[in-house]
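Trainee: As numbered in our numbering, the sequence shown has no gaps in its residue numbers, which increase by one up to the final residue, 237. Don't be surprised by glycine CBs; every beta carbon is placed ideally from N, CA and C. Quick one: structure below, then a few questions.
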Amino acid sequence: MTAPDLDRILVVGCSDGIGRALVRRLLAAGRDVTGVSRSRTPELDDDAQLVVDVVADDYRARLEALVARRGPFGVVVWCVGVGVALDPADLADETRTLRTNLLAASETAEVVLPPMVAAGRGHLVGLSSLADAGPNPGAPAYSASKAGLSSWLTALGLALRPRGVAVTNVRFGFVDTKMAQSPWKPFLIDADRAAAVVERALSTRPLQVSRPRIAAWIMQAASAVMALRVWTG
Ligand SMILES: NC(=O)c1ccc[n+]([C@@H]2O[C@H](COP(=O)([O-])OP(=O)(O)OC[C@H]3O[C@@H](n4cnc5c(N)ncnc54)[C@H](OP(=O)(O)O)[C@@H]3O)[C@@H](O)[C@H]2O)c1
């Protein structure tokens, strides 16, 4: 098995929002970038992108083929995410959100992490959210998927660090992309600023990054209030 090259970066969820802003930054810095999304990413050559749905049945096989052709990747950044408001009459979007945000991240790791572990080097970065801090009745699957993703990434990070592989959990508050649909977006940052946070994390390789910090503190306090509400029924 060829060892992963730390200069080869895979961005999953690259056609829009934070992922696309990251692709732009990495290309500007002269990095070798490959992307995965359902739609094309104008900044990437056709050869450097895979157009696929991460919850499709053929996703794993097509990702494996991409790794064989363009990898193995030393750095993988998971930027995929969907989030919709709860419709109690139709829970299909809840299932789709959990599959997309959590299970597809795990399936991706199944393909990209073993070569890193075998070589004793590499970095997996996942974009979770400050929404991981507690249950959100307005978007139950989104908050659950992010709680699961954060816990999974952090535990993987602790498990793999002694083996030379870094895992970083990135938790943002509101970022100005199509995903941020709330009419009220306190401490909003733009996609390029968010991408700069991720780019820096590729150098510093922390276990977790939460931005903006003030939003993280407020969400922590809000989650304590929510825990009390749940505790008291
Ligand atoms: N924006 C925020 O306020 C915010 C806050 C905290 C955390 N986050 C997290 O940050 C990450 C990026 O969010 P964003 O704001 O940049 O969202 P975005 O603008 O909607 O971009 C999401 C990216 O994921 C891709 N994607 C979505 N579903 C996919 C699927 N089934 N298969 C393949 N690719 C898929 C999209 O491309 P295609 O549609 O072309 O597939 C797009 O490139 C997400 O995990 C999100 O939860 C966002």
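Where does Ala60 fall in DSSP's three states?
Mentor: Counted from its first residue, the sequence shown places residue 60 at position 56. Ala60: coil per DSSP, three-state reduction.
Trainee: How long is the line joining the alpha carbons of Ser154 and Ala89, rounded to whole angstroms?
Mentor: Taking the sequence shown and counting its residues from 1, one reaches residue 154 at position 150. Taking the sequence shown and counting its residues from 1, one reaches residue 89 at position 85. So the two alpha carbons sit approximately 21 Å from each other.
Trainee: Thinking just about the alpha-carbon of each residue, which of Pro119, Asp91, Ser19, Gly237 is nearest to the one in Asp9?
Mentor: On the sequence shown, residue 9 is found 5 positions in, with the first residue counted as 1. Among Pro119, Asp91, Ser19, Gly237, the Cα nearest to that of Asp9 is on Pro119.
Trainee: So, helix, strand or coil for Gly142, using DSSP?
Mentor: Counted from its first residue, the sequence shown places residue 142 at position 138. Looking at Gly142 - three-state DSSP - the assignment turns out to be coil, as it is neither helix nor strand.
Trainee: Going by C-alpha distance, which of Arg204, Gly177, Arg197, Thr181 is nearest Ile222?
Mentor: Along the sequence shown, one-based indexing puts residue 222 at 218. Of Arg204, Gly177, Arg197, Thr181, the residue nearest in Cα terms is Gly177.
Trainee: Taking the DSSP output, what are the residues bridged to Phe77?
Mentor: Counting from one through the sequence shown, the residue named residue 77 turns up at place 73. Phe77 is bridged by DSSP to Asp9.
Trainee: Can you tell which of Arg66, Lys189, Arg209, Arg215 has the C-alpha that lies nearest to the C-alpha of Arg239?
Mentor: In the structure as shown, the chain begins at 5 and stops at 237. Residue 239 is therefore absent and cannot be evaluated.
Trainee: Roughly how many angstroms lie between the CA atoms of Glu98 and Ala220, to the nearest whole one?
Mentor: Counting from one through the sequence shown, the residue named residue 98 turns up at place 94. Counting from one through the sequence shown, the residue named residue 220 turns up at place 216. About 25 Å.
Trainee: Thinking just about the alpha-carbon of each residue, which of Ser133, Thr158, Gly142, Val16 is nearest to the one in Ser149?
Mentor: Here residue 149 is taken as the residue at index 145 of the sequence shown, counted from 1. Minimum Cα distance to Ser149 is reached at Ser133.
Trainee: For Asp20, which of Ser43, Ala72, Tyr63, Arg73 has the nearest alpha-carbon?
Mentor: To locate residue 20, count along the sequence shown from 1; it is residue 16. Nearest C-alpha to Asp20: Ser43.
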